[in-house]
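Residue numbers (full-length UniProt numbering): 1 to 153.
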């Protein structure tokens, strides 16, 4: 399914502010929440993962609103949208090489193959650091939006 227009515009507005790029155009995002997304996110032990413009979200993180529309956490879309932009800017090959080489280098440097080393290698990847920074900034941005709405009442 495509990300709803209002949600797409909101994430795009956030990313323009966060990345200090008023001309940023977030490409259309295709959100997957079905069996394939469940399989992929479970295999990767992740809440979401991105391949190009396709974002696979763990079904455990998806809810329906009172009108039956799917609700996906905005913080997760902000994180994955950074990866979409990375795919757009770097291309598949360059992004994969950057990601895998950094991860592998850090993993080997630690000389341990446990979960802590895998996690440390994962968060050492610059593309992940950028996505986590966006996620944290989105949470602050959303709270500021809410505070502004309450203040203007």
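Each residue gets a CB set at the ideal place from its N, CA and C atoms; glycine is no exception. For clarity, every value in this text was computed on a predicted model and none was experimentally measured.
Would the beta-carbon of residue i fall within 9 angstroms of that of residue j?
i           : j           : result
residue 7   : residue 55  : no
residue 26  : residue 66  : no
residue 3   : residue 30  : yes
residue 110 : residue 121 : yes
residue 125 : residue 145 : no
In the DSSP assignment, find the unbroken beta strand (DSSP E) run with residue i in it and report its ends.
i           : result
residue 154 : Because the chain in this structure spans residues 1 to 153, residue 154 falls outside the shown range and cannot be described.
Label residue i either buried or exposed according to how many other C-beta atoms from any shown protein chain fall within 10 Å of its C-beta, with 16 as the threshold for buried.
i           : result
residue 141 : buried
residue 20  : exposed
residue 113 : exposed
residue 116 : exposed
residue 134 : buried
residue 72  : buried
On the premise that residue j lies in contact with residue i, defined as a C-beta separation below 8 angstroms, what is that separation, rounded to the nearest angstrom?
i          : j           : result
residue 52 : residue 87  : 5 angstroms
residue 82 : residue 131 : 4 angstroms
residue 43 : residue 57  : Residue 43 to residue 57, Cβ: 14 angstroms. No contact.
Pick helix, strand or coil for residue i, following the three-state DSSP scheme.
i          : result
residue 3  : coil
residue 50 : strand
Let's see if you can read the secondary structure: which residues bound the alpha helix (DSSP H) around residue i?
i           : result
residue 107 : 74 to 110
residue 61  : Here residue 61 belongs to no alpha helix (DSSP H), and DSSP marks it neither H nor E.
residue 29  : Looking at the DSSP string, residue 29 is not in any alpha helix (DSSP H), and its letter there is neither H nor E.
residue 124 : 115 to 124
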